[in-house]
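Before any comments, here is the structure.
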Amino acid sequence: MTEDSVILKALKTYRLKLNRDYKRIDELMQGDYLTPLMSVRSEFQSVVLSGKRNTKTLDRMSELAKEEKRLEASFKKSNSMATSNRWVKLSLELEEINGAIAGEESKQSRRRY
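Counting the sequence shown from 1 gives a position; this note's numbering is that position plus 17.
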C-alpha cells in the first residue's frame, strides 16, 4: 500500500466518523419536537380533566410525563447555541474533508497515467 493510498484511506475513514456525528446532530436540528410536545401536553390535559383516577390513567399520565420531559430536552438541545455551533463546525469540516479526498483521488489518478 502506497503512502498516498494510506492517506486516502485515512481521510475516508475520518469522513465516515464525521458523517455519523453530523447525521446525529442534523437529525436533532431538523427534528420537529414542538408538535409532538403540544400533542403530549394536550393528551395529558385530557387525562387530567377526565377526572378518572385509576391505575390505567395514572400509568398513562406517568408515560406522558416522561415523554414530555424527553421532548422538552430534545427541543432545548436542538435550539441550543452549542448544538448549532457543533452542527456548523461538522458541516464545514465535512466540506474540507470531501475537498481533501477529491484532491487526493485526483492526484492518485494523475499518477496512474
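For glycine and all other residues, C-beta sits at the position ideal for the given N, C-alpha and C.
Check the Cα spacing between residue 54 and each of 26, 89, 43, 30: the tightest is with 89.
Excluding its 5 nearest sequence neighbours in each direction, residue 77 has C-beta neighbours in its own chain below 7 Å: 64, listed in chain order. For residue 83, the uninterrupted alpha helix (DSSP H) segment begins and ends at 72-95. By the Cβ neighbour-count rule, residue 105 is exposed, with fewer than 16 other Cβ atoms within 10 Å of its own.
Proximity of the region 66-86 to the region 111-125 falls short of the contact definition, fewer than three beta-carbon pairs being nearer than 8 Å. A straight-line Cα-Cα distance of about 45 Å links residue 70 and residue 39. With respect to the 8 Å criterion, residue 51 and residue 117 are not classified as neighbours on the basis of their beta carbons. If you look at residue 52, you'll find it in the alpha helix (DSSP H) that goes 51-67.
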